[in-house]
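Residue numbers (our numbering): 365 to 720. Built from N, CA and C at the ideal position, the CB exists for glycine as well.
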């Protein structure tokens with residue numbers, strides 16, 4: 365249990381192994397939600413609820429501890445993280461030790477985030493969430509995290525109704541992404557417009573609800589892009605290339621997209637060591653990528669896979685400059701629309717991983 369380290373008000377936090385440590389009431393408890401939901405809908409709701417609680421804890425805990433505590437918070441995150449603590453230690457040490465430390469003008473916090481976060485992000489969902497939330501805040505504030513003197517919210521600490529409204533905004537955004545897909549959810553979202561004072565100018569439940577919605581959308585998008593950026597491949601000869609085992613489920617999704625457009629991607633090819641030329645595989649892209657034989661696929665085929673990954677990344681990022689997305693298949697299907705649909709599924713995979 366921790367007491368806040370500064371300011372007039374005292375904040376008491378019980379750190380648990382998971383969840384939000386009891387700091388904020390969960391969204392389902394606030395709404396009186398019944399557990400008798402369908403399995404799929406219930407899982408989707410649980411993911412959104414869990415992540416919105418984590419994002420609430422991460423954003424407001426540092427603010428409540430006081431603007432001058434950036435260095436202490438960075439050190440606290442480091443100590444608890446190295447001991448393998450719960451959400452506070454792991455999340456703050458990884459992503460949030462960086463975000464709150466640098467955001468509150470603390471060289472110590474920022475340095476810890478850079479060094480410690482890099483090592484933890486690959487294995488800890490809370491650290492990954494902290495990193496994504498920090499990136500979303502940087503985007504929202506135009507890279508001005510380090511200029512937020514006195515903390516992200518200044519001297520006016522958010523009220524309980526404002527915090528609850530933020531949580532609901534995040535939950536609504538993530539639920540929309542998980543239910544309808546990022547591409548559709550973004551089309552129905554109005555991003556928050558901040559004034560010169562940044563988050564310090566926010567006031568009222570409506571503004572904080574929109575803040576939560578904006579950050580939820582951004583974190584969802586970044587979760588998908590992170591999944592795509594982290595796809596790893598290897599080769600054990602100049603002619604045998606493979607997607608790494610942990611990424612083959614996602615590669616299968618991308619392969620299904622490639623199979624829809626043989627006029628763009630052709631068919632996968634393989635080449636044995638004693639062959640002079642490659643041969644066309646009788647497998648689909650989806651199967652060749654997710655369940656490869658010992659021969660794998662040629663470098664040229666792997667390059668086509670990475671081209672497809674790039675198209676889907678552009679669709680998730682909303683990059684209209686990628687002219688490949690304007691292409692149409694032989695039957696008139698839109699490559700851009702299908703890339704967005706695959707991107708939506710990969711975004712959901714990324715969000716589920718953050719909630720595991």
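Between the CA atoms of residue j and residue i - distance to the nearest angstrom
i	j	result
residue 352	residue 555	No answer is possible for residue 352: it lies beyond the span of the chain, which begins at 365 and ends at 720.
residue 607	residue 549	30 Å
residue 414	residue 598	35 Å
residue 625	residue 715	28 Å
residue 506	residue 517	16 Å
residue 490	residue 503	20 Å
residue 557	residue 575	9 Å
residue 522	residue 570	12 Å
residue 538	residue 615	24 Å
residue 529	residue 698	38 Å
residue 619	residue 691	18 Å
residue 551	residue 682	11 Å
residue 654	residue 572	43 Å
residue 410	residue 719	9 Å
residue 496	residue 671	25 Å
Residues that residue i bridges to, as DSSP identifies them
i	result
residue 633	644
residue 488	Beta-bridge pairing links residue 488 to no other residue.
residue 698	692
residue 599	605
residue 661	605
Secondary structure of residue i, DSSP reduced to three states
i	result
residue 409	helix
residue 605	strand
residue 593	helix
residue 520	coil
residue 338	Missing from the structure shown is residue 338; the chain here goes from 365 to 720 and no further.
residue 552	coil
residue 638	coil
residue 625	coil
residue 558	coil
residue 535	helix
residue 726	For the chain, the structure presents residues 365 to 720; residue 726 sits outside this window and is missing.
residue 683	coil
residue 616	helix
residue 417	helix
residue 656	coil
Buried or exposed (CB count within 10 angstroms, at least 16 for buried), residue i
i	result
residue 577	buried
residue 526	buried
residue 602	exposed
residue 610	exposed
residue 639	exposed
residue 668	buried
residue 652	buried
residue 492	buried
residue 701	exposed
residue 568	exposed
residue 590	buried
residue 468	In this predicted model, residue 468 has a pLDDT of only 43, less than 50, meaning its place in the structure is not dependable; the value taken from the coordinates is given anyway. Burial call: buried.
residue 647	buried
Contact test: residue i Cβ vs the ligand PLP heavy atom, cutoff 7 Å
i	result
residue 583	Judged by which ligands are present, the structure shown has none, so any question about the ligand PLP falls away.
_Segment contact flag, the region 526-544 with the region 705-717, C-beta cutoff 8 Å, min 3 pairs_ = yes
*Using 8 Å as the Cβ pair cut-off and three pairs as the minimum, do the region 662-682 and the region 629-638 touch?*
Under the three-pair Cβ rule at 8 Å, the region 662-682 counts as touching the region 629-638.
*Is the region 534-541 touching the region 574-594, taking contact as three or more C-beta pairs under 8 Å?*
yes
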